[in-house]
Amino acid sequence: MRHALSTRLWHWTNFACLVVLFMSGLNISNAHPRLYWGEWGFSAAQAWLVLPKFPGWSTIPGYYSLASARDWHTAVAWPFAVGLALFWLAILAKGHFKRDIMTRAPEWRWPAIRADLAAHLRLDFDHVGRKYNFLQKLSYGLVLGLLLPGMVITGLGISPGMEPVMRPLLDAVGGRQSMRSLHFIVAWSLVAFLILHVALVLLSNPLRQMRDMITGGERAA
Amino acid sequence: MRRRGIIAGIGAGFLGGCAKVSESRTAQSLFDMAEGWHRSSQRFLTGREALATEFDRSHISPFFRGNGSQTVNTPEYRAAAVAGFPDWRLTVTGLVAHPLALTLENIRRLPQRTQVTRHDCVEGWSAIGEWTGPQLSLILRGAQLLPGARFIVFRCADTLNGAPYYESIDMIDAFHPQTIVAHRLNGQALPERNGAPLRLRVERQLGYKHAKYLTGIEAVASLAGIGGGQGGYWEDRGYQWYAGI
Numbered sequence: 163m164r165h166a167l168s169t170r171l172w173h174w175t176n177f178a179c180l181v182v183l184f185m186s187g188l189n190i191s192n193a194h195p196r197l198y199w200g201e202w203g204f205s206a207a208q209a210w211l212v213l214p215k216f217p218g219w220s221t222i223p224g225y226y227s228l229a230s231a232r233d234w235h236t237a238v239a240w241p242f243a244v245g246l247a248l249f250w251l252a253i254l255a256k257g258h259f260k261r262d263i264m265t266r267a268p269e270w271r272w273p274a275i276r277a278d279l280a281a282h283l284r285l286d287f288d289h290v291g292r293k294y295n296f297l298q299k300l301s302y303g304l305v306l307g308l309l310l311p312g313m314v315i316t317g318l319g320i321s322p323g324m325e326p327v328m329r330p331l332l333d334a335v336g337g338r339q340s341m342r343s344l345h346f347i348v349a350w351s352l353v354a355f356l357i358l359h360v361a362l363v364l365l366s367n368p369l370r371q372m373r374d375m376i377t378g379g380e381r382a383a
Numbered sequence: 012m013r014r015r016g017i018i019a020g021i022g023a024g025f026l027g028g029c030a031k032v033s034e035s036r037t038a039q040s041l042f043d044m045a046e047g048w049h050r051s052s053q054r055f056l057t058g059r060e061a062l063a064t065e066f067d068r069s070h071i072s073p074f075f076r077g078n079g080s081q082t083v084n085t086p087e088y089r090a091a092a093v094a095g096f097p098d099w100r101l102t103v104t105g106l107v108a109h110p111l112a113l114t115l116e117n118i119r120r121l122p123q124r125t126q127v128t129r130h131d132c133v134e135g136w137s138a139i140g141e142w143t144g145p146q147l148s149l150i151l152r153g154a155q156l157l158p159g160a161r162f163i164v165f166r167c168a169d170t171l172n173g174a175p176y177y178e179s180i181d182m183i184d185a186f187h188p189q190t191i192v193a194h195r196l197n198g199q200a201l202p203e204r205n206g207a208p209l210r211l212r213v214e215r216q217l218g219y220k221h222a223k224y225l226t227g228i229e230a231v232a233s234l235a236g237i238g239g240g241q242g243g244y245w246e247d248r249g250y251q252w253y254a255g256i
């Protein structure tokens, strides 16, 4: 698999940002480990989910500090969001999105989907013509187009300073506490993606794939 | 036993490393830079006068919890609370042409603004309440700010963990229409746990900026000589001064 420089740069810096954002996020969660739906909420009785307190080894910093965790979280949010925006510009401008990630109508027919699912379950990962398969396109598309931007949007939705311009989206999801719940839900969805992503890389020539994502892969003949 | 100790030591060293990084001057400057970007980009994207959402009364939370200080632990405050705060004064001092000392009656007689707004605590929770009080801009115009006044500092009667609470905002937030000195919550006199008799509302920022048990308003040119120099009780303890994010 060949990867452009922009892909490789973004892939690793994005991963580094997400690690810091997630671990500082767990620290922030510990300040008030309850999630609500709607515009407001503060007591356990109003919560739809009461979270555990995340242990020190999983948080940044490694001890409870809302102030320090927020410093990390709100600072690293910048390279994360700007990086994502720049990457989208790159993949749109260079046609990478249209050529490699966008799915086509025939791929959505059930026989094609079933065949791709079966290949995955057989751990048959030979890329035909070095292209992403349907499930890859779908998952990368969802991560790039929904989950990652979703983290930025829900983060802004929680911020009182952005409230005046975020009001339409706040109304759409039910309010500020709904945004906060979605912020947590999308974050954990990204964790689920990470686990799946790493598992599949490990199952399909991990050394070559890691090399390709660092050096760019072999040139086409 | 030795190997376990070494592994534990390496683990502790790694975790300690992250903490050490955040204590470094480089990290602090980067954090300050990011805070500045949030402040300027938020004001650029939303506009100085943009209002936080004001809700219908039906959205009011049935109970408005307290946080931080929930009273002022002095016999003077106790006695004043029982009597309805007859001798309470909100002083307006510093870089003003006409220093003031307002009684609660003075404050009640000023034109009032009532707003049903959502309070967002930095911890993550929110509550909606109906606040009533005069706009800070009105009080500041009455006192006549002098040129050179850049920040408004709020002095409070309460101490938290032994240190006096205080806060500060800049002129943009000071003159924002929703920045009021609230003395009523949900149609009744402000409860003790929510800052009786007076608390600040700064609706575009997180809850710790909304100072309670207000005793004084001070116009200053710099936050440097006040408290720990960071502009507020929680800011002196590592929280961000601009709390819009």
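From first to last, the protein sequence lines stand for chains A and B.
Per this note's numbering, residue 163 is the first one in the first sequence, and the count goes up by one each step.
Per this note's numbering, residue 12 is the first one in the second sequence, and the count goes up by one each step.
Beta carbons are placed, not taken as given, at the ideal position from N, Cα and C, and that holds for glycine.
Quick caveat, the model's predicted, so the values are computed rather than measured.
Query                                                                                                                       : Result
Contact set for leucine 246/A: own chain, Cβ-Cβ below 6 Å, skip 5 residues either direction                                 : Leu310
Beta-carbon spacing of histidine 194/B, leucine 209/B below 7 Å                                                             : yes
Length at least 4, wholly inside the segment 150–200 of chain B: the alpha helix (DSSP H) runs in chain order               : 182–185
Runs of alpha helix (DSSP H) lying entirely within the segment 307–363 of chain A, each at least 4 residues, in chain order : 310–320 and 325–335
Short CB-CB distance (under 7 Å) between alanine 382/A and chain B                                                          : Low confidence applies to alanine 382/A: its pLDDT is 46, below 50, so where it sits in the model is not reliable enough to give any reading.
N- and C-terminal bounds of the beta strand (DSSP E) containing isoleucine 139/B                                            : 137–144
Whether tyrosine 224/B touches alanine 138/B by CB criterion (7 Å)                                                          : no
Proximity below 7 Å, CB of threonine 221/A to CB of asparagine 189/A                                                        : yes
Alpha-carbon to alpha-carbon, leucine 304/A and proline 273/A                                                               : 22 Å
CB contact below 7 Å: methionine 324/A versus chain B                                                                       : yes
Contacts of leucine 217/B in chain A (Cβ-Cβ under 7 Å)                                                                      : Pro322
Rounded straight-line distance, which links the Cα of leucine 362/A to that of methionine 375/A                             : 15 Å
Any C-beta of chain A under 7 Å from that of isoleucine 256/B                                                               : yes
Beta carbon of glutamate 246/B nearer than 7 Å to that of lysine 220/B                                                      : no
Phenylalanine 184/A at chain B interface by Cβ criterion, 7 Å                                                               : no
Candidates Gln155/B, Phe74/B, Arg204/B and Val32/B: closest to arginine 89/B by CA position                                 : Arg204/B
7 Å Cβ cutoff, glycine 24/B in contact with chain A                                                                         : Because the pLDDT at glycine 24/B is just 48, under 50, the model does not fix this residue reliably, and the value given afterwards should be weighed accordingly. No, because no Cβ of chain A sits closer than 7 Å to the Cβ of glycine 24/B.
Among Asp184/B, Val164/B and Tyr244/B, the one whose alpha carbon lies nearest that of glycine 255/B                        : Asp184/B
Length at least 4, wholly inside the segment 31–88 of chain B: the alpha helix (DSSP H) runs in chain order                 : 36–57
Continuous beta strand (DSSP E) assignments of at least 3 residues falling wholly in the segment 174–252 of chain A         : none
C-alpha gap between alanine 232/B and alanine 160/B, whole angstroms                                                        : 5 Å
8 Å Cβ cut-off: residues of chain A touching glutamine 53/B                                                                 : Ser321, Gly323 and Met324
Isoleucine 163/B, buried or exposed, once every other Cβ within 10 Å from all chains shown has been counted against 16      : buried
Close-in-space but distant-in-sequence residues of the same chain around alanine 383/A (CB under 8 Å, 5 per side omitted)   : Because alanine 383/A sits at a pLDDT of 38, beneath the cut-off of 50, its placement in the model cannot be relied upon, and the following sentence gives the value as read from the coordinates. Excluding sequence neighbours, alanine 383/A sits near nothing in its chain.
Bounding residues of the alpha helix (DSSP H) (the contiguous stretch that carries threonine 377/A)                         : 368–377
C-beta atoms of tryptophan 202/A and serine 72/B nearer than 7 Å                                                            : yes
Outcome for valine 107/B when other beta-carbon atoms lying within 10 angstroms are tallied against a minimum of 16         : buried
Three-state secondary structure assigned by DSSP to glutamate 246/B                                                         : helix
Alanine 23/B to tryptophan 219/A span [Cα, whole Å]                                                                         : With a pLDDT of 49 at alanine 23/B, under the threshold of 50, the modelled position of this residue cannot be trusted, and the question is left open.
Closest Cα partner of valine 192/B within the set Gly206/B, Ile180/B and Leu211/B                                           : Leu211/B
Distance, leucine 228/A Cα to tyrosine 250/B Cα                                                                             : 8 Å
Residues near phenylalanine 156/A by beta carbon distance below 8 Å, same chain, minus five either side                     : Summary: the structure shown does not reach residue 156/A, with chain A confined to residues 163 through 383, and so no result is reported for it.
Euclidean distance between Cα positions of glycine 257/A and leucine 308/A                                                  : 19 Å
Bridge partners - alanine 230/B, DSSP secondary structure assignment                                                        : Gly105/B and Ile163/B
Residues in the segment 339–359 of chain A having any Cβ partner in chain B nearer than 9 Å                                 : Gln339 and Arg342
With 16 other Cβ atoms within 10 Å as the buried cut-off, status of threonine 37/B                                          : exposed
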